[in-house]
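Quick note, in full-length UniProt numbering, the sequence shown goes up one by one and the last residue is 729.
We put the beta carbon where it would ideally sit given N, CA and C, even for glycine.
What you are looking at is a predicted structure, and each value in this text was computed from that prediction instead of being measured.
Reviewing the structure listed below.
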Amino acid sequence: MATELSNEERLKVFQKACKVIALDFVESLVKENENINGHYEDVEFMCADVTSPDLNFPDETVDLIFTHELLSNLSDKEVKDIAEKLLKWVKVFKECHMSDASGSSYEFSLVETKSIGAYGDNKINENQIFWIWQKVVKSEDDVDRGFQQFLDNVQYKSSGILRYERIFGYGFVSTGGIDTTKEFVAKLDLKPGQKILDVGCGIGGGDFYMADKFGVEVVGIDLSVNMISLALERAIGLECAVEFEIADCTKKSYPDDTFDVIYSRDTILHIQDKPALFRTFYKWLKPGGKVLISDYCRKFGTPSEDFSEYIKQRGYDLHDVQSYGGMLRDAGFGEVTAEDRTEQFKEVLTRELERVEKEKEEFIRDFTEEDYKDIVGGWKAKLIILLTPFDHPSINQTLKSLAMAEKMPPQIFELNNGSMKVLVSNYGCELGDVVLGFDTLDPYLNRKAPYFGCIVGRVANRIKEGKFTLNGTNYTLPINNGPNSLHGGLKGFDKVVWEVVEHKQGDHPSITFKYRAIDGEEGYPGDLSVTATYTLTSKTTLRLDMEAVPENKPTPVSLAQHTYWNLAGHNSGTILDHSAQVFAKHVTPVDETQIPTGEIMPVEGTPFDFTTEKKIGTSVHEVGKGYDHNYVLDCGEEKSGLKHAVKLKDPSSSRVLNLWTNAPGIQFYTANNVNGIVGKGGAVYGKHGAVCLETQGFPNAINQTNFPSIVVQPGDKYQHSMLYEFSIE
């Protein structure tokens, strides 16, 4: 279909098209066109007003609509109405990719788009945008187009861009919004008349700000059709020098010495050949020009196969901060400053998400609950996954963790049998109340909780110097506690989101979580499938069953439940008045770094003796900062395959907790390092504000041959159970 074409334009269309409808509302022009081009058999000439509601064609019957100087003669409302009509007639208009009835795969390839000023005194609409779209056969091997389709069809589909904008502010689709933009732009010392190139401009929020605030001319380019289209739409009517174009910065060309500043946010991570791009930037900049890049970076290490697949889908190519600086220097730039802004990113994103959570009802009303879970949950997951996934070897995430980033946000689940209620989260498999904790998930995600309520592993407690040897192979773990590795490393089982595989209600409600740790994760050997099931077995008992099965390599396994108990109430101060009886005649003494010496020492006659009920505060100050020691469970009664480990009692409330387990040891820890943490209801948790009863394998057992082995062979099952009995005395 062609409307209002010049004679030369008509000729080109008529010669190449199989069927053309040439339409104009001026009858004399239609007749003139027919006189000139009527010899083409497949052309129909029609006098009609394309804006008239009486003019209609069947939906999806036209391959191309070509128009010239039409929109500038229409009002904004008429432009909107005619666009809706024309797009219904076009056969293919579905984001940027479709398959037709024959099964062939096609795309709309945007050849060019640009905002231009209208000309002529008689034009109603003084701003025009022109697009040239071309229907082309899709190439499965076109990586660039594949990534563009991911942007336009998945991450920034046209129906979903506004969801991101709701979180990050008008004009922005990534964290920081206008505040971070102002901070970064202030470093550029922009002057009126300067020319700026924004690489990865998104929907233009930063460009509008720079052009309006500083009187500069901004060219914004981005690979996303949808985002550029929205930016162009918003540019209409604005009195600032901003241009937008869909372009690939690695293929786009500009004359040398064109720009005063090149600015890029959260984009260069998608570029594979960064040195070549930076050399191009250097050519495009005028002498004395500046470049500012804010981007995702990494620390050292090689990502796992699973995580590599995750970043490949998104086109990520990540380097450490100093490497970025080195690439820029090698490209010719001087006075390069490379800064790690991880903490700022974390703080800003946390603040943005907290604000959106407060506006959850409005968000869901304007979008959907699925949008809320997808966007908010996904960005929360980045706080878990993207902030430290590259600290070797903690970069190794499982597919479940990666899926969580998009679809499986952290949640809280309730077990309630009418007499006792337990709250459990799938983030770190955490447990809540009568325990220390927080009202929301954010403090857990922000690493403010010292293992509050979680399951720790792959190996609980400490491994000396983060090293061990198994079957002749040396393994090195992350160091995160003095000179040692603690509770599985930098990103142990407490810092991942577990999959909820079963959640039962009824008289014995239960919930089962599952996590799959992969070979090399946190330095440990072999893939490992782990499950944890919490069950209210009676009105006053809670059972936890943990199992782990190595899939392909022998590996050390020792899980522990790390709840901080205060039977007087989480906000009631210290537990020094609590009495405890630990059913252990021996303890494993430790050196100055809390590593067992290898000795198994009798407790009789020492401050460690809790074989009979004793107030914790009686001797807590005789053992350094407090108790943080592994007891050998060797004298408790047995019941249903479990042995009595601890009896804990609070005299003020008469509450009693009896703990039974099949583990060989228990870490008795009096919260010596808790200091001023603000928890539930604003309660401030301090030193000795709780006691942890961590049933476990012996600490550093992998390096102590006289300790019970914690090595599990492929196909064998690690099984660890605990029974918590609550009562009144």
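Residues that residue i bridges to, as DSSP identifies them
i, result
"Gly-220", "Asp-198, Phe-244"
"Met-227", "DSSP lists no partner for Met-227."
"Asn-630", "Thr-588, Gln-667"
"Met-722", "Leu-544, Thr-661"
"Ile-293", "Ser-264"
"Gln-594", "Beta-bridge pairing links Gln-594 to no other residue."
"Phe-45", "Ala-22"
"Ala-560", "Val-456"
"Glu-638", "Lys-643"
"Lys-649", "Ser-579, Val-656"
"Val-623", "Answer by DSSP bridge pairing: none, since Val-623 is not bridged."
"Thr-555", "Val-712"
"Ser-727", "Val-656"
"Lys-614", "Ala-580"
"Pro-550", "Leu-528"
"Pro-602", "His-586"
Buried/exposed call for residue i, threshold 16 Cβ in 10 Å
i, result
"Thr-695", "buried"
"Lys-19", "exposed"
"Ile-728", "exposed"
"Ser-579", "buried"
"Cys-635", "exposed"
"residue 731", "In the structure displayed, the chain extends from 1 to 729; residue 731 sits before or after that span and is not available."
"Arg-265", "buried"
"His-562", "buried"
"Gly-103", "Low per-residue confidence applies at Gly-103: pLDDT is 49, beneath 50, and the placement is therefore not dependable, though the value from the model is reported in the following sentence. Classification of Gly-103: exposed, given that the 10 Å Cβ count is below 16."
"Ser-294", "buried"
"Asn-35", "exposed"
"Gln-719", "exposed"
"Lys-213", "exposed"
"Lys-495", "buried"
"Asp-100", "Reliability fails at Asp-100, whose pLDDT of 47 lies under 50, so the model's placement of it is uncertain and the value that follows must be treated cautiously. Flag for Asp-100 reads exposed."
"Pro-602", "exposed"
"residue 748", "Nothing can be reported for residue 748: it is not among the residues displayed for the chain, which extend from 1 to 729."
"Pro-596", "buried"
"Asp-716", "exposed"
"Gln-704", "buried"
"Ser-75", "exposed"
"Val-712", "buried"
"Asn-480", "buried"
"Asp-222", "buried"
"Ile-710", "buried"
"Gln-594", "buried"
"Met-722", "buried"
"Leu-55", "exposed"
"Glu-370", "exposed"
"Gly-288", "exposed"
Boundaries of the alpha helix (DSSP H) in which residue i is found, first to last residue
i, result
"Val-336", "Careful: Val-336 lies outside any alpha helix (DSSP H) and carries neither H nor E."
"Lys-182", "177 to 186"
"Asn-33", "27 to 37"
"Gly-206", "205 to 214"
"Tyr-164", "161 to 168"
"Arg-329", "321 to 330"
Presumed contact (8 angstroms Cβ cut-off) between residue i and residue j, rounded CB distance
i, j, result
"Glu-551", "Gly-569", "Incorrect: roughly 43 angstroms between the Cβ atoms, too far for contact."
"Val-456", "Phe-493", "6 angstroms"
"Val-530", "Ala-517", "7 angstroms"
"Pro-651", "Pro-708", "Wrong, their Cβ atoms sit about 35 angstroms apart, outside the cutoff."
"Gly-489", "Leu-470", "That belief does not hold up - the Cβ atoms of Gly-489 and Leu-470 are roughly 16 angstroms apart, past 8 angstroms."
"Ile-228", "Phe-208", "With a Cβ gap of about 14 angstroms, Ile-228 and Phe-208 do not count as contacting."
"Lys-686", "Asn-675", "The question names Lys, but residue 686 is Gly in the sequence shown. With 8 angstroms as the limit, Gly-686 and Asn-675 qualify as a contact, their Cβ atoms being about 6 angstroms apart."
"Val-50", "Trp-89", "About 10 angstroms; that fails the 8 angstroms criterion."
"Leu-642", "Leu-693", "14 angstroms between Cβ atoms; not a contact."
"Gly-689", "Thr-574", "6 angstroms"
"Gly-177", "Phe-184", "The Cβ separation is near 12 angstroms, so there is no contact."
Residue interval of the beta strand (DSSP E) (run including residue i)
i, result
"Ser-264", "259 to 265"
"Arg-516", "510 to 517"
"Leu-23", "20 to 24"
"Val-500", "499 to 504"
"Ala-276", "Taken as a continuous stretch (DSSP letters only), Ala-276 belongs to no beta strand (DSSP E), being part of the alpha helix (DSSP H) at 274 to 284."
"Leu-536", "528 to 538"
"Val-582", "579 to 582"
Minimum length 4: unbroken alpha helix (DSSP H) runs contained in the region 429 to 484 = Runs of the alpha helix (DSSP H) inside the region 429 to 484: 442 to 445.
Output the residue ranges of the alpha helix (DSSP H) runs that lie fully inside the region 350 to 379 and measure 4 residues or longer, sorted by chain position.
-> As far as the region 350 to 379 is concerned, its whole alpha helix (DSSP H) runs of at least 4 residues are 360 to 366.
Can you list the beta strand (DSSP E) stretches of 3 or more residues lying completely in the region 665 to 717, in chain order?
-> Entirely contained in the region 665 to 717, the beta strand (DSSP E) runs reaching 3 residues are, in chain order, 665 to 669, 691 to 696.
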